[in-house]
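Asks: Letter by letter, the sequence shown follows residues 884 to 1644 of the numbering used here. Cβ atoms here follow ideal geometry from the backbone N, Cα and C, with glycine treated the same way.
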Amino acid sequence: MSCISSPRLTPASLSSYRDMPEKKTMTIRQIFIFLSAIILLLPEISGGAEIHGRVLNERGEPVLHAAVSLDSLEIGAFTNEQGRFLIENIPAGDYLLQVSHIGCLSWNKILSLTTDEHRELLIRLQRDVLKMEEITVVGGVKASELLDSYRPLAVLGNEQLALRPNASLGQATAAIPGVQMLHQGPNVSKPVIRGLSNQRIAIVADGVQLEAQQWSEHHTPELDASAATKIEVIRGPASLLYGGDAIGGVVQVWNAYQNGKIPEAFQGRLRLGFGSNDLSKSADIRLVCGNGKSYMLLNAGAKITDDYAVPGDHSFLIRQAFTAYQQERLHLSAGMKRGETVLRLNLKHYYEKQTLLGEGHWHNSGGGPDGTEPWYHVTGSISSPTQHNTIQLQSSSQTSIGVWNFDLSYQTDHRQGIPEGMKPQIDLKSQTSAGNGRFVYGNENYSGAVGISLRHKANRSLGPETLVPDFQQQNGGLFLFQQMRFGSVKISGGLRLDMQQVQISEQQFSANVTIPAGTKSYGPILSGGLGIVWRPMDSGLAISLNSGTGWRAPTAVERYIYGVHHASWRFEKGDPNLDIEKAWNTELIFRYGKGRFWGEMALWRNELQQFIFPSPTGEFSALSQIPVYEIGGSNARLEGYEISAQLQITNFFSIQAGADGVRGQILENLIDSDGDGAIEPWLPSMPADRLSGGFTLHENHSGASLSLTAQRYSAQKRLAEFENILSNDSDLDGANDQVQPNSHTLLNLLIGIPFKFLTYK
């Protein structure tokens, strides 16, 4: 394993491993002081000490472009291809020597140097076991660091994200093998990882798990992916490190600085975006001021779109009404470094507004699917604004035995439904407080981490239309993660213990339906994982076999909803007695990376116990003819494959190819609920098989890039009950309409030309 180089650590001067002092514009007074100091210190400089040596990783391989510096003198060097470095002309004294590299824990040591001393050092860097390294660089193949991972990982760096200034979170991650997109128009777009989405995917923003009200396909994640500097994706259950909401995977979105990094420059960035389909316009500005000891960051952005365009019967494109939206956000961050401790404060505000179709929206209170009681019928459009605010305090302290990380956060989420000319009818508020701590420790052959997470969430329904009763929820978890290496074999594994308790307030939905107050407890719940990686030295080949468990408690919506689910065209009835979902995932991964080629193939199976989903009953509401769905649990199975390859033809030209597929099947309680004469055993919302290919051109000096990709989607024939039949008679022929899924191809052309301004270092 070798740690990954950063684009900032690759100046042309790295052909030599001596680093030249940094140049800055100087005034006449500064020049005079500088020359005087040289004269006074000339005897010391001419007879200074020297530090030289090698930097290796935990496998004993040389680390290229590691930064070696003496903190108080602000001088240093980068390592060459053999991992060697040299710092000369050091005055006698005591110094803190720091060695750092992306994907590794920093190495620090106090040195006492005498005049003319030549000190030789052998330094071994340890991998940050809980931090996924940046495995993809624009214009280059995936780094060999991934060969050492027992989990399927993917990272989108800042350069890739800069090509998609208008992209939502789903659009930004949709090209990753095993990740597709669930979307309804330009805004409602979120990732689907191996067939799972919504509450089964943990979305983590700058280290804080997003606590939004993601209850169905039309609810958007309350963050803007266009502001991200890096997006990391874990495919498959990740409950070991992230708790019960990560049964399908994890998406980590980074905008602030991380891993104890403090910027050392004043930088500005402006991104402007335009989309031809939805006539979207976006702007993003980022300003950073730092001196290596403290920093301040301002990031603000806005986006507005028109209705989405889709193929029409009598014209090439027609506008699909009620798909336009607007979005605003603001992020303020400040941090400081004192010794080996870094403190950071993040303040975030997010706002979005959509307009929904009023036809088909009813109050849940005062009626039922049998039509025995009158319903309130909303006419006209419905405005749906959402606000999300976050306050976050982080700290990271490095000691001689490991690194301590702590994170405290407070989030508020406010979602409304406001019919035209009326007060808010849906008014949902949630408040979440969370605290997380972890300690990372170890050496080249034995490393690990131990952590704790605590969370409290309160949800209130303030409008006359109640989707769920008020509730409070507490979560607590402890985890232990270990890695051990025995020659060419690395073993990784861990255990996690979780508990959850939910207190429900009494809620009357109608004269016949009342939810009583009560408390529901889940746990203690034990989850874990074990992975083995076999990687022969210098072969470029790695084979990984891992198996792990995950879990998820049912949400309040799944347990207590009773009424029409907005924008889903379903009357849904929850089940208060739902049990927790459990997953057992097993996968086999083959990887090969050497020279300019990288390839990976993953085969996986996920056995699901009590998988929760809305199932059609075959009945329809007497008032609206909306189909009635009951939310229940059933054993199910997901299995699939992922293949990807990348070849770097030249330093600026690369080609990529890939394929992935998912099969999701219900294993019990099957009925022909849609009355089409056949029982469809497939899980709903499964993505179609996909083939992809393309090329990327990237000019390293200017950062300009061009990318063309094609994605071929097969016709999805494995449709669940009612997925192959529209829920209404749209062509008025007296029967519900059959859906004819077709194969299709998407072409994506991305051109990026960066303009840098306001940069001083």
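#1: Helix or strand or just coil, what does DSSP make of GLU1441?
#2: Taking all protein chains shown into account, decide if LEU1079 is buried (16 or more other Cβ within 10 angstroms of its Cβ) or exposed.
#3: Where does ASP1128 fall in DSSP's three states?
#4: Can you tell me which of the three DSSP states GLY1053 falls into?
#5: Using only alpha-carbon positions, find the residue among SER1344, VAL1091 and GLN1209 that is nearest to THR1273.
#6: May I have the straight-line CA-CA distance separating LEU1039 from MET1305, to the nearest angstrom?
#7: Leaving out the 5 sequence neighbours to the left and right, which residues in its chain are closer than 7 angstroms to ALA1603 when beta-carbon positions are compared?
#8: Within 10 angstroms of the Cβ of PRO1407, are there 16 or more other Cβ atoms? Answer buried if so, exposed if not.
#9: Please state whether the Cβ-Cβ distance between GLN1493 and ILE1463 is less than 8 angstroms.
#10: Which one or two residues does DSSP pair with VAL1447 in a beta bridge?
#11: Evaluate GLN1135 with the Cβ neighbour count: other Cβ atoms within 10 Å of its Cβ, from every protein chain shown; 16 or more gives buried, anything less gives exposed.
#12: Grouping DSSP H, G and I as helix and E and B as strand, with all else coil, what is LEU1630?
#13: Going by beta-carbon coordinates alone, are GLU1441 and ILE1398 separated by less than 8 angstroms?
#14: Which ranges does the beta strand (DSSP E) cover as unbroken runs of at least 3 residues, wholly within the region 961–1008, from first to last along the chain?
#15: Go ahead and pull the three-state DSSP assignment for ARG1595.
#16: Within a Cβ cutoff of 6 angstroms, which residues of the same chain sit near ALA1341, ignoring the five residues on either side of it in sequence?
#17: Rank TRP1452, GLN1548 and ILE993 by C-alpha distance to the C-alpha of PRO1510 and give the top, closest one.
#18: Tell me which same chain residues have a C-beta within less than 6 angstroms of the C-beta of ILE1006, skipping the five on either side of it?
#19: Going by other Cβ atoms of all chains shown within 10 Å of its Cβ, with 16 needed for buried, is ASN1358 buried or exposed?
#20: Which of helix, strand or coil does DSSP assign to LEU939?
#21: Can you tell me whether DSSP reads LEU1461 as helix, strand or coil?
#22: Who are the near neighbours of MET1219 in its chain, counting only those whose CB is closer than 6 angstroms to its CB and skipping five residues on each side?
#23: Looking at GLY1433: is its Cβ nearer than 8 angstroms to the Cβ of ALA1129?
#24: GLY1061 and ARG1077: beta carbons closer than 8 angstroms?
#25: What does the alpha-carbon distance come out to for the pair GLN1237 and LEU1036?
#26: From the DSSP output, which residues share a beta bridge with LEU1361?
#27: Around the Cβ of GLN1391, are there at least 16 other Cβ atoms within 10 angstroms (buried) or fewer (exposed)?
#28: Which residue comes first and which comes last in the beta strand (DSSP E) that contains ILE1114?
#29: DSSP state of SER1504, grouped into three classes?
#30: Taking the alpha carbon of GLN1548 as the point to measure from, which residue in ALA1540, ILE1444 and GLU1522 has its own alpha carbon closest?
#31: Distance check for ASP1555 and PRO1352, CA to CA, integer angstroms please.
Replies: Working from what's here:
#1: The DSSP-derived three-state label of GLU1441 is helix.
#2: With at least 16 other beta carbons inside 10 angstroms of its own, LEU1079 counts as buried.
#3: Note: ASP1128 maps to helix in three-state DSSP.
#4: Three-state result, GLY1053: helix.
#5: Closest by alpha carbon: VAL1091.
#6: One C-alpha to the other measures close to 43 angstroms.
#7: Excluding sequence positions up to five before and after ALA1603, its CB lies within less than 7 angstroms of the CB of GLU1563, TRP1565, LEU1566 and PRO1567, all in the same chain and listed in chain order.
#8: PRO1407 counts as exposed, since fewer than 16 other C-beta atoms from the protein chains shown sit within 10 angstroms of its C-beta.
#9: Going by C-beta atoms, GLN1493 is nearer than 8 angstroms to ILE1463.
#10: Answer by DSSP bridge pairing, in chain order: PHE1454.
#11: Buried is the call here.
#12: Strand at LEU1630.
#13: Going by C-beta atoms, GLU1441 is not nearer than 8 angstroms to ILE1398.
#14: The beta strand (DSSP E) runs lying completely inside the region 961–1008 and spanning 3 residues or more are 967–973, 976–983, 990–996 and 1001–1007, given in chain order.
#15: Correct three-state label for ARG1595: strand.
#16: Cβ within range, chain order: GLN1314 and GLN1355.
#17: Cα-wise, what sits closest to PRO1510 is TRP1452.
#18: So the qualifying residues of the chain are VAL938, VAL982 and TRP990.
#19: Buried.
#20: If DSSP states are grouped into helix, strand and coil, LEU939 belongs with the strands.
#21: Three-state result, LEU1461: coil.
#22: SER1177 and LEU1226.
#23: Yes.
#24: It is a contact, given that the beta carbons lie within the stated cut-off.
#25: When rounded, the separation of the alpha-carbon atoms in GLN1237 and LEU1036 is 33 angstroms.
#26: Bridge pairing for LEU1361: ILE1335 and LEU1380 [DSSP].
#27: Classification of GLN1391: exposed, given that the 10 Å Cβ count is below 16.
#28: Segment 1113–1118, the beta strand (DSSP E) holding ILE1114.
#29: Note: SER1504 maps to coil in three-state DSSP.
#30: Of the residues ALA1540, ILE1444 and GLU1522, the one whose Cα lies closest to the Cα of GLN1548 is GLU1522.
#31: Between the alpha carbons of PRO1352 and ASP1555 lies a distance of about 32 angstroms.
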